[in-house]
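Residue numbers (the numbering used here): 1284 to 1533. C-beta atoms are modelled at their ideal positions from N, C-alpha and C, and glycine is treated no differently. Here the structure is a predicted model, which means the values were calculated and not measured. Let me begin by presenting the structure, written as structure tokens, before commenting on it.
In structure tokens, the structure reads:
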């Protein structure tokens, strides 16, 4: 599980510049629009939308931008053309990579993703080529605050989690069966825990430990993919030493 948390940490550190922040706002706005379109436009009645708005506010996204993203879901226009797409491929060291995107132009997005794979030392693959190496799971990020992470992990297990990753500095990552995501999230919130994010995601059945050279190349590929405007999530079965991550993050 650690690889997902590690790459999330890298992305937060790399998003400091104004240009990166502008791109981040674009992606967050799309997440809000898609969440509102797939459920109720009222965040009080739509947990996915509520979490998307929460994430946007944590990134200091202006309220006007958030409101526009919600209204876009109900106002037709460009939002009607948005769709979620998934691509698969291989990265350095034979790692399996799954890329999730939100796009209004499939041809543009697939060309950009293919180019990123090629430049990053990997290659795109057919649908289903690597997804069999992953299980669809619920991932819930819980902020630890002043509480003992191991205590929170026990609470998570009692509410129905199947695994908990304690490697984060300020949070734990709770893993659930896909069908139990919302039930466990609601139970955690009822216990007074601070849920930072909750999503369905492909979790690798096994991880590939990479040597430093391949690990750096894989991180560069993931970053190259994540920098594409249409890409919303990048998942992989790659794993690496913490020292490699710290060196890459600078």
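| Check | Outcome |
| --- | --- |
| Beta carbon of residue 1471 nearer than 8 Å to that of residue 1442 | yes |
| Range of the contiguous alpha helix (DSSP H) that encloses residue 1392 | 1389–1402 |
| Assumed close pair residue 1393, residue 1382 - CB separation to whole angstroms, cut-off 8 Å | That pair is no contact at about 10 Å. |
| Anticipated Cβ contact below 8 Å, residue 1519 with residue 1421, distance rounded | Between residue 1421 and residue 1519 the Cβ distance is about 19 Å, and since that is not below 8 Å, they are no contact. |
| Through-space distance from residue 1327 to residue 1377, alpha-carbon basis | 43 Å |
| Residue 1405 versus residue 1357 - alpha carbon distance | 39 Å |
| Helix, strand or coil at residue 1311 [DSSP, three-state] | helix |
| Contacting residues, own chain, Cβ-Cβ under 7 Å from residue 1410 (five flanking each side not counted) | 1371 |
| Per DSSP, the bridge partner or partners of residue 1377 | BP columns for residue 1377 are empty, so no partner. |
| Same chain, Cβ closer than 7 Å to residue 1353, five either side skipped, listed in chain order | 1315, 1319 and 1324 |
| N- and C-terminal bounds of the beta strand (DSSP E) containing residue 1406 | 1406–1408 |
| Proximity to residue 1532 [Cα-Cα], best of 1502, 1514, 1334 and 1521 | 1502 |
| 4 or more residues per run - each alpha helix (DSSP H) lying fully within the region 1488–1529 | 1495–1509 |
| Whole-number beta carbon distance between residue 1384 and residue 1509, since they are thought to touch under 8 Å | Contact doesn't hold; Cβ gap of about 11 Å is too wide. |
| Continuous alpha helix (DSSP H) stretch holding residue 1440: start and end | 1432–1441 |
| Proximal residues to residue 1333 (C-beta, below 6 Å), its chain only, five neighbours per side dropped | 1326 |
| Beta-carbon separation (whole angstroms), residue 1436 vs residue 1455, contact threshold 8 Å | 6 Å |
| Residue 1490 CB to nearest heavy atom of the ligand SAM below 7 Å | In the structure shown, the ligand SAM is absent, as is every other ligand, since no ligand is present at all. |
| Supposed contact pair residue 1521 and residue 1493 - C-beta distance, whole angstroms, cut 8 Å | 6 Å |
| Per-residue DSSP class, three states only, for residue 1342 | coil |
| Top-ranked residue by Cα proximity to residue 1407, from 1467, 1379 and 1388 | 1379 |
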